[in-house]
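Under my numbering, the first residue of the sequence shown is numbered 14, with each subsequent residue one higher. Read the structure below first, then the notes.
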Amino acid sequence: MKAFSFGRIFKRKREEKRLFEIGKPMIYSTKGRGRRFDSILETIGDTPVVRLKRIAPKGVEIYAKFEAFNPAGSVKDRLALNIIEAAEREGRLQPGQTVVEATSGNTGIGLAMVCAAKGYPLVITMHDGFSVERRQLMRMLGAKVVLTRKEDKAVGMVDKARELAEANGWFLAHQFETKDNADIHESTTAQEILGDFDGERLDHVVLGYGTGGTATGLGRVLKDARPDLKITLSEPENAALVSSGTTQARNAEGEPAESHPSFAPHPVQGWTPDFIPLVLQEALDKGYFDGLQPVTGPESIAMSRRLAAEEGILAGISGGASVAAALKVAEQAPEGSVILTILPDTGERYLSTPLFEGINAEMDDEEMTLSQSTPGYRY
14 MKAFSFGRIF KRKREEKRLF EIGKPMIYST KGRGRRFDSI LETIGDTPVV RLKRIAPKGV
74 EIYAKFEAFN PAGSVKDRLA LNIIEAAERE GRLQPGQTVV EATSGNTGIG LAMVCAAKGY
134 PLVITMHDGF SVERRQLMRM LGAKVVLTRK EDKAVGMVDK ARELAEANGW FLAHQFETKD
194 NADIHESTTA QEILGDFDGE RLDHVVLGYG TGGTATGLGR VLKDARPDLK ITLSEPENAA
254 LVSSGTTQAR NAEGEPAESH PSFAPHPVQG WTPDFIPLVL QEALDKGYFD GLQPVTGPES
314 IAMSRRLAAE EGILAGISGG ASVAAALKVA EQAPEGSVIL TILPDTGERY LSTPLFEGIN
374 AEMDDEEMTL SQSTPGYRY
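Here it is, written out as structure tokens:
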């Protein structure tokens with residue numbers, strides 16, 4: 014691996030300055046990463062932080078950490094890698110042993126990538142209310158997908174995964190309970206944020222939760238490294254589990270004993286299951302959050318569409334929810350404030366959801382008129 018060199022960066026900057034001074038136009042260029050990767054798994058992490066220039070209100074800067082740049086397209090690639098590698102290190106996962114997990118999709122896709130690269134069979138349990146693209150992606154990566162009924166909620170698919178693990182001697186990933194989840198965000202995501210804002214202002218971090226791993230991992234690091242930083246947790250307005258103040262019932266392993274009474278179905282796939290995950294409970298107990306900001310499903314979908322149309326960012330519904338929450342925080346923030354939010358995944362796995370409702374595959378009237386407006390190659 015070639016060593017990182019500030020000298021190469023300074024040389025490039027001097028050349029750019031020289032070209033600018035002599036008036037020569039500069040085309041966007043890249044130089045490569047300076048290394049070759051031994052495995053797709055080595056490309057996980059180091060996702061970019063992107064400024065939202067057109068959506069952010071005047072006087073406030075909003076940045077988004079875009080986790081779709083991970084190789085399987087979501088933030089869950091991080092925890093998938095660490096769950097498997099921690100289990101390997103500790104002898105909890107044996108060569109060739111089947112891995113099983115319950116997921117709304119993104120963790121399953123991440124696990125399917127990791128298991129494919131490492132040679133582990135994978136079985137996923139998922140209720141049939143999540144987008145079909147997720148099932149197809151997991152199956153494309155070699156996983157088996159066992160569906161449960163939507164009316165049984167996330168608790169049902171979690172229970173099914175546990176049943177299958179116990180009946181077959183499989184390794185249960187336990188993404189909602191394992192410390193390996195938040196640990197990877199403590200050692201990667203949080204460190205990346207500190208590096209990207211080194212010496213720069215950062216006043217607020219706004220994010221939602223699925224398992225709670227990102228929120229807890231960031232809280233561990235950022236509240237210590239930047240004591241004045243405010244962290245705001247968001248959840249769907251009609252499924253405000255944390256905001257309700259009602260304690261989650263759990264079994265001895267920390268798994269949900271039942272659905273949380275404040276849960277209601279919502280369209281933000283990957284956010285807020287019908288229980289408060291044990292991984293998130295650490296952040297709640299230790300006071301990592303400074304506030305709660307609910308958002309509605311329609312707001313989330315509308316903001317995802319705005320991200321695509323106004324910023325050129327194709328994010329999922331959870332990304333829209335994150336930005337919608339960040340804008341609400343921005344409304345109350347002093348001028349000059351800098352806000353960071355997280356875009357958990359890509360919009361491409363939402364084609365069958367309300368996010369793409371009204372986005373047609375066939376030409377509309379305006380497009381047909383354009384087709385007919387010149388003589389050649391009419392449709």
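For glycine and all other residues, C-beta sits at the position ideal for the given N, C-alpha and C.
Inter-residue Cα distance where the pair is residue i and residue j
i	j	result
A13	S200	Residue 13 is absent from the structure shown; the chain starts at 14 and stops at 392.
M14	Q294	The pLDDT assigned to M14 is 42, lower than 50, so where the model puts this residue is not dependable; a value taken from the coordinates is nonetheless given after this. One C-alpha to the other measures close to 40 Å.
A167	T116	8 Å
A130	A346	45 Å
I22	P61	At I22, the pLDDT of 48 sits below 50, so the modelled position is not reliable; the number obtained from the coordinates is stated separately. Going by the C-alpha atoms only, they are around 18 Å apart.
E74	S272	38 Å
T120	G45	29 Å
K66	L320	11 Å
P108	G212	45 Å
F50	N83	14 Å
V159	G142	13 Å
L436	Y76	No information on residue 436 is available, as it lies outside the stretch 14 to 392 that the chain covers here.
L368	I96	31 Å
R148	A81	18 Å
A374	R48	40 Å
E146	P38	43 Å
Y133	Q110	6 Å
R102	I372	46 Å
Beta-bridge pairing of residue i - partner residues as DSSP gives them
i	result
R214	The partner list for R214 (beta bridge, DSSP) is empty, contrary to what the question assumes.
K166	Note: K166 sits in no beta bridge, so no partner.
D378	In the DSSP output, where bridge partners are listed per residue, D378 has none listed.
A115	T138
T394	Only positions 14 to 392 of the chain appear in the structure, and residue 394 is not among them; the question remains open.
I352	I75 and H217
D358	S87
R263	P269
Pair within 8 Å by beta-carbon distance, residue i and residue j
i	j	result
G329	G360	yes
T285	Y363	no
G230	I197	yes
D237	V351	no
I355	V88	yes
E266	E190	yes
A125	G86	no
L135	V112	yes
I137	K157	yes
S144	G118	yes
Q306	V219	yes
K71	I206	no
P357	S331	yes
L94	I40	no
T259	P274	yes
M376	Y392	yes
A296	G349	no
A100	L92	no
CB-CB length for residue i against residue j, believed under 8 Å
i	j	result
L235	A203	6 Å
F302	T245	7 Å
R263	A270	6 Å
V292	A195	6 Å
H187	T161	With 8 Å as the limit, H187 and T161 do not qualify as a contact, their Cβ atoms being about 17 Å apart.
A315	A69	Not a contact, Cβ separation roughly 16 Å.
E114	L185	7 Å
A337	E312	5 Å
Beta carbon proximity, residue i to chain B, threshold 8 Å
i	result
L160	Reference to chain B is not applicable here, since this structure consists of a single protein chain.
Alpha helix (DSSP H) runs wholly inside the segment 271-349, at least 4 long, in chain order: Counting only runs of 4 or more, we get 291-298, 310-319 and 330-345.
Whole alpha helix (DSSP H) elements within the segment 47-107, 4-residue minimum: Contiguous alpha helix (DSSP H) elements confined to the segment 47-107 occur at 89-102, taking only those with 4 or more residues.
Which residue spans inside the segment 217-252 form an unbroken beta strand (DSSP E) run of at least 3? 217-220 and 243-249
Can you list the alpha helix (DSSP H) stretches of 4 or more residues lying completely in the segment 150-205, in chain order? 166-181 and 192-197
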